[in-house]
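Heads up: the sequence shown runs through residues 9 to 625, numbered per my numbering.
All C-beta atoms, glycine included, are put in the ideal place defined by N, C-alpha and C.
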Amino acid sequence: MLACSQSRNLAVDRFESQHNRPQLKQATARTSPFVLSTVTTAIVLSLAMSCSTSHANDKTPADTVIRGGRIVTVDRNFRIVDAMALHKGRVVAVGTNAEIDKWVGPSTRIFELRGRMVLPGLIDSHVHAGGASRYEADHEIPPMDRIADVLAYIRGRTQVVPKGEWITLRQVFITRLKEQRYPTRAELDSVAPDHPVAFRTGPDGSANSLALQENGIDKAFAAKHPDQVVVDAKTGEPTGVLRRAGSVLKTRPNSNRKQLTEAERDNRLVELLHDYNRWGLTGVIDRNCNPTVQAQYERLLRDKRLTVRVRLSRGLGTSGDQQAIIRRVATIADDPLYTEPHPRLRIIGVKVFEDGGMLTGSAYFRQPWGVSRIYGISDPRYRGMQYIDEKRLEMLVRACAQRGLAFTAHCQGDAAVEALVGVYDKINRELPIGKTRSTITHSSFMSKSAIASAAKLGIGVDLQPAWLYLDARTLVAQFGERRLEHFIPLKSLFEAGVIAGGGSDHMQKIGSLRSVNPYNPFLGMWVAATRSARWHEKPIHSEQALSRQQMIRFYTINNAWLMRSEDQVGSLEVGKYADFIVIDNNLLTCKAAEIRTTRVLATWLDGQLVHGNGTFQ
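What follows is the structure, given as C-alpha cells:
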C-alpha cells in the first residue's frame, strides 16, 4: 500500500514538474502540448483512482478534508457524495463521511459543510477581463434603461470634457433600452452641440453632427458606403446610425481621461478576478485577448495574484496580406504559453469576427432582417454584415488547425454560423477539426442542420444565456416568436451531443449584475433552466430549457472542455485540481426563482481558499 501511495505522489509531482519545465518544447506536431497534458493527467488519474479505495492502510493523510455536505461531483454519473479529501491541491478521494474520515491525520484541516452544497469551480467561457476592469477607471458609469438616461449621461459629460473634445459611450445596447432604438443624431446634438459624440454599441453605433462632420460622413460619403451609413429615406442624409462604426468613425481620447499606471491596471484586474471568485468563478476564457492583457496575466501569475485559471483566445486581425496573417498565427503558436502551458494560464487558440451584432442590427442572417424602426433598417433585403468571406475564413481555420490552435469566430446570425460550420467541414477532410477544440462563439441563432453538423465535427459552442433574459423582448418585437425557435437553442445542442458552454461576454465594469454583460453565473443558470426574459410575459421557447443537471454541466465540465482542461478541472474526481465552491442553495431541488439568488459562501482554487473564510456563513 505504501508503494501505491508513493506511485500516486510521484505521478502528481512529475505532472507538476513537467508543467514548469522549460525543456518541454515540442519537436513535432503542434498539438503536442494539449496531448501531453491530457496523457499525463490521465496517468495521474489512473494511479490515484487505483489507490483511493484502499487508503485505510495508507499512512499518508490528506492535508484537507471537506465533509458533511452534498458534494456534486459532476462526474459521468453525476454522483453526489458526502465528503472529499484533498492533498497538494488535488482531489485524492470522494465518498461517504466514514470513507473520507480514514484520510484524516494529525495535521489535516477539516471543514464541516453542515449540509451545504458543493459544486466544481464554475467557469465562464467568454470574458474580456482586461478591458472590463479598466472601464470605470476615471468615473462611474450609471445603468441606463432609457434614452433619457443616455442623454442625461452625455449632458453631464459636457460639463467635464472640454468643448470640441470627444464624448464616447460604449456598449449601451439598444435592445436593453425601453424605447428599443438608437438615440438620434438630433437628440445627441441637443445635449452636446459643442462636442463630437459617439454612442457605440458592439460593432455599430450612432453619432451626432459634429462627430459625422469630423469624419467627413455626409450625404456624398453615405452614397459611396451604403452598407455602413444609414440614411434618411427621403433626403439621403445620414441619420447618425453607422454599421461597423469603428471603420468609419475615428474617435480620440479626451484630455481628462485618466491614464493608469501598469500597477494600477494590474490592481484593477486583480479586483475583478477577486469578484469572479466571489461569484464562484475559478476559470475563464478570455476571448480576443491582446498582447497587453496577456502580459498582465503573466505578471499576476509571476506575482502569485492570479486567482482564476485563464485560457486565452488571442485576437487576430483578418484583413490585409494573407501571408502576414499566417505569420501572426505562427507567432501565437510559438508563444511559450502555448508550447509550455501553465495550469493557471495558457493560450488555447485565436478568435476572429465573422459577422456583426445581434443586439445592434448587423448579425448575418439567411433571411432578411426586415425593415426596422428599432435598428434603423430601411432596406427590406438587408441580411446583416459578413466580415470574412468563406475563402479567407478557410485560410484562417487551416492555418490554426495545422498548428493545433483552437479556432473560434464571433458568429451571431444563422448565416454566419453556417458559413463557419461549412468551412470546418471542409477543413475536417484534411485535418481533424474536433481535436483542436475549435468552436463557434455566440452562435445565437443556430439551425437544426448546423447543430447536427457541429455534433458530427466535434466542435463546441460558447453561448451567452443572459442575452436571452436581457434582449429577447426586442428580438421578439423584431422577428416574432417563431423565428426565435433557434435562438440560443440549448436543449437541442445538449441532445445532439454538442459541447455547449455558458459564458457572459463580460466587457465592462466590476460587479456581477451591474456589469456589461452580467457575469453572475447563477443568473445564467436560471435563464438556461427557465428561458425567462426581462419585460416579457412568458418564457422564450421553453422547450429549449435545460434540466438542473444540464445547467450545472453548462458552467462546469462543458466549459472545462472548451478550455482544453476537462482532464484537470470541471468535475470533482480523483486526481483533478481541487477547484470548488460552497453555496447556500441546493440547485437541484430549490425553486426555479431561487437559482438566480444563489450566494457563494467559499471558493477554493488548488485546494486553497480564494473567497470566504471556511465557516460557510
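Check: By the 10 Å Cβ neighbour count, where 16 or more other Cβ atoms means buried, how is ASN567 classified, buried or exposed?
Finding: With 16 or more other Cβ atoms from the protein chains shown falling within 10 Å of its own Cβ, ASN567 counts as buried.
Check: Taking DSSP as the reference, what is the three-state secondary structure of GLU120?
Finding: Assigned with DSSP and collapsed to three states, GLU120 falls in strand.
Checklist line | N-terminal and C-terminal residue of the beta strand (DSSP E) that ALA215 is part of | finding: Counting along the chain, ALA215 sits inside the beta strand (DSSP E) bounded by residues 212-215.
Checklist line | Whole-angstrom distance between THR166 and LEU428, CA atom to CA atom | finding: Computed Cα separation, rounded: 44 Å.
Item checked: Residue interval of the beta strand (DSSP E) (run including GLN616) -> Taken as a continuous stretch (DSSP letters only), the beta strand (DSSP E) holding GLN616 covers 616-619.
Item checked: Endpoints, the beta strand (DSSP E) within which LEU609 is located -> Segment 608-613, the beta strand (DSSP E) holding LEU609.
Notebook entry, point to check: Going by Cα to Cα distance, which pick from LEU617, HIS619, TYR527 is closest to LEU478?
Noted result: Nearest of LEU617, HIS619, TYR527 to LEU478, Cα basis: TYR527.
Item checked: Whole-number beta carbon distance between VAL582 and PRO128, since they are thought to touch under 8 Å -> With a contact defined as Cβ atoms closer than 8 Å, PRO128 and VAL582 miss out at about 13 Å.
Notebook entry, point to check: In the region 127-192, which residue ranges form an unbroken beta strand (DSSP E) of at least 3 residues, counting only runs that do not cross its ends?
Noted result: Unbroken beta strand (DSSP E) runs of no fewer than 3 residues, entirely contained in the region 127-192, are found at 130-135, 175-178, following chain order.
Next item on the list: Please report how far the alpha carbon of VAL469 lies from the alpha carbon of SER198, in whole angstroms.
Entry: Straight-line Cα distance between these residues: approximately 43 Å.
Item checked: Complete beta strand (DSSP E) runs within the region 550-589 (minimum length 3 residues, chain order) -> Restricting attention to beta strand (DSSP E) runs no shorter than 3 residues, the region 550-589 encloses none.
Note to self: Going by C-alpha to C-alpha distance, which of THR368, ARG389, ILE467 sits closest to GLN420?
What the structure shows: The shortest C-alpha to C-alpha distance from GLN420 to any of THR368, ARG389, ILE467 is the one to THR368.
Notebook entry, point to check: With burial defined as no fewer than 16 other Cβ atoms inside 10 Å of the residue's Cβ, what is the status of HIS147: buried or exposed?
Noted result: Counting every other CB atom within 10 Å of its CB across the protein chains shown gives HIS147 a total below 16, marking it as exposed.
Notebook entry, point to check: Just checking, does the region 370-380 make contact with the region 342-360 on the three C-beta pairs under 8 Å criterion?
Noted result: Counting Cβ pairs under 8 Å, fewer than three are found: no touch.
Checklist line | Simplified DSSP assignment, three categories, for GLY291 | finding: Strand at GLY291.
Notebook entry, point to check: Going by the CB atoms, is the gap between ALA407 and ILE507 shorter than 9 Å?
Noted result: Not a contact, by the Cβ cut-off of 9 Å.
Next item on the list: Give the DSSP-derived three-state secondary structure of PHE415 in the structure shown.
Entry: If DSSP states are grouped into helix, strand and coil, PHE415 belongs with the strands.
Note to self: Counting C-beta neighbours from all protein chains within 10 Å, is the total for LYS584 16 or more, i.e. buried, or is it exposed?
What the structure shows: By the 10 Å Cβ count, LYS584 comes out buried.
Next item on the list: Rounded to whole angstroms, what's the CA-CA distance from ALA610 to THR247? Just pull it up for me.
Entry: So the two alpha carbons sit approximately 51 Å from each other.
Notebook entry, point to check: Hey, is the region 89-97 in contact with the region 134-151, meaning 3+ C-beta pairs nearer than 8 Å?
Noted result: Judged by Cβ distances under 8 Å, the region 89-97 makes no contact with the region 134-151, as fewer than three pairs qualify.
Margin query: Checking the sheet assignment: what are the DSSP bridge partners for ASP470?
Written below: THR449, GLY509, per the DSSP bridge assignment.
Margin query: In the DSSP output, which residue or residues are listed as bridge partners for ILE246?
Written below: The identity of residue 246 in the sequence shown is Pro, whereas the question assumes Ile. According to DSSP, PRO246 shares a beta bridge with VAL239.
Check: Between the region 538-551 and the region 169-176, do at least 3 Cβ pairs fall closer than 8 Å?
Finding: Segments in contact, no.
Item checked: Rounded distance between the beta-carbons of ARG604 and ILE591, thought under 8 Å -> Rounded, the Cβ-Cβ distance is 13 Å, inconsistent with contact.
Next item on the list: Note down the Cα distance separating GLY392 from MET515, rounded to an integer number of angstroms.
Entry: The alpha-carbon atoms of GLY392 and MET515 are separated by roughly 23 Å.
Notebook entry, point to check: Rounded to a whole number of angstroms, what is the C-alpha to C-alpha distance between LEU280 and ALA474?
Noted result: It is roughly 19 Å from the alpha-carbon of LEU280 to the alpha-carbon of ALA474.
Checklist line | Residues near GLN557 in its chain [Cβ-Cβ closer than 7 Å; skip 5 each side] | finding: The answer, listed in chain order, is PHE86.
Checklist line | Exposure of THR243, with buried meaning 16 or more beta-carbon neighbours within 10 Å | finding: By the 10 Å Cβ count, THR243 comes out exposed.
Notebook entry, point to check: Under three-state DSSP, which class holds LYS399?
Noted result: In the structure shown, LYS399 sits in a helix (DSSP, three-state: H, G or I).
Next item on the list: With a threshold of 16 other CB atoms inside 10 Å of the CB of ASP513, please say whether the residue is buried or exposed.
Entry: Looking at its Cβ environment, which holds 16 or more other Cβ atoms inside 10 Å, ASP513 is buried.
Notebook entry, point to check: Should PRO201 and LEU218 be called a contact, given that it needs their Cβ atoms to be closer than 9 Å?
Noted result: In contact: PRO201 and LEU218 (Cβ atoms closer than 9 Å).
Checklist line | With 16 other Cβ atoms within 10 Å as the buried cut-off, status of ASN621 | finding: Classification for ASN621: exposed.
Note to self: Quick check on this structure: which residue in PRO344, ALA424, ALA156 has the alpha carbon closest to the alpha carbon of GLN375?
What the structure shows: Among PRO344, ALA424, ALA156, the Cα nearest to that of GLN375 belongs to ALA424.
Next item on the list: Please confirm whether any heavy atom of the ligand HEM lies closer than 8 Å to the CB of GLY357.
Entry: In the structure shown, the ligand HEM is absent, as is every other ligand, since no ligand is present at all.
Check: Are at least three pairs of beta-carbons, each pair with one atom in the region 427-446 and one in the region 481-501, less than 8 Å apart?
Finding: These segments do not touch.
Item checked: Candidates ALA303, ALA145, LEU121: closest to LYS517 by CA position -> It is ALA145 whose Cα lies nearest to the Cα of LYS517.
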